[in-house]
Amino acid sequence: MPTLILARHAKAEAPAAGLSDADRALELIGRKASTRLGQVIAEAGLTPTLALVSPANRTQQTWKLMSTSLAGCETVLDDELYETNVPGLLDVLKGAGDADTVVVVGHEPTSSAAAAHLAGQGSDKSALQRVAHGLPTATAAVLEFDCPWTEITSRCGRLTAVLSGRDVEE
Numbered sequence: 047m048p049t050l051i052l053a054r055h056a057k058a059e060a061p062a063a064g065l066s067d068a069d070r071a072l073e074l075i076g077r078k079a080s081t082r083l084g085q086v087i088a089e090a091g092l093t094p095t096l097a098l099v100s101p102a103n104r105t106q107q108t109w110k111l112m113s114t115s116l117a118g119c120e121t122v123l124d125d126e127l128y129e130t131n132v133p134g135l136l137d138v139l140k141g142a143g144d145a146d147t148v149v150v151v152g153h154e155p156t157s158s159a160a161a162a163h164l165a166g167q168g169s170d171k172s173a174l175q176r177v178a179h180g181l182p183t184a185t186a187a188v189l190e191f192d193c194p195w196t197e198i199t200s201r202c203g204r205l206t207a208v209l210s211g212r213d214v215e216e
């Protein structure tokens, strides 16, 4: 059963003159939360085999720190994940092949919008309420599917959990 983990990058530095959005780095609290999110995912028994990561600096840093708890996961930087929408994210997922569990490290509002779009019958009501308000930084939505990646459509998954790495101190 394919499992999708939609992770939003951790807290990044504020936009600044002369710094492109794609180059924004994680703040110290974001680095701690990224590491914690990887631990929380592992503690939940999830073992991604494929990580699809936006090319933005903050998403790459988030994944690098998350991955310390998620060994053996192939990493693919995908330009399509930066400034994409739900259909764009679904197109990227169609290339996941036979990966059993995929983690996508991306951005808002696409991460929460995709979780809400894919969540169908049997989804956890508390998790649905959480994604309805958007995914905070260093948070991930977990969905399960009964079909291959190439057949994923609206409301065909079950949103089972929202996991957070935000329980760290500054």
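Okay, so the sequence shown: first residue is 47 according to my numbering, each after it adds one. The C-beta atom is built at its ideal place from N, Cα and C for all residues, glycine as well.
query: Where do the N-terminal and C-terminal ends of the beta strand (DSSP E) with Ser210 fall, by residue?
result: 203-210
- request: Give the C-beta separation of Val132 and Val99 to the nearest angstrom, bearing in mind that I take them to be a contact with Cβ-Cβ under 8 angstroms.
  value: About 18 angstroms separates the two Cβ atoms, so there is no contact after all.
query: Can you tell me where the alpha helix (DSSP H) with Leu74 in it begins and where it stops?
result: 74-89
field: N-terminal and C-terminal residue of the beta strand (DSSP E) that Arg54 is part of
entry: 49-54
- request: Would you check if the segment 97-112 and the segment 70-81 touch, i.e. whether three or more CB-CB distances between them fall below 8 angstroms?
  value: yes
Reduced DSSP secondary structure (H/G/I, E/B, other) of Ala187: strand
query: Taking DSSP as the reference, what is the three-state secondary structure of Val214?
result: coil
message: How far does the alpha helix (DSSP H) with Leu139 in it extend, from its first residue to its last?
response: 132-139
- prompt: The beta strand (DSSP E) with Thr121 in it runs from where to where?
  reply: 120-123
message: Can you list, in chain order, the residues of its chain with a C-beta nearer than 7 angstroms to that of Asp67? Leave out the 5 residues immediately preceding and following it.
response: Pro61
field: Spatial neighbours of Val177 in its chain, beta-carbon cut-off 8 angstroms, leaving aside the 5 residues before and after
entry: Ser158, Ala161, Ala162, Ala165, Ala187, Leu205, Val208
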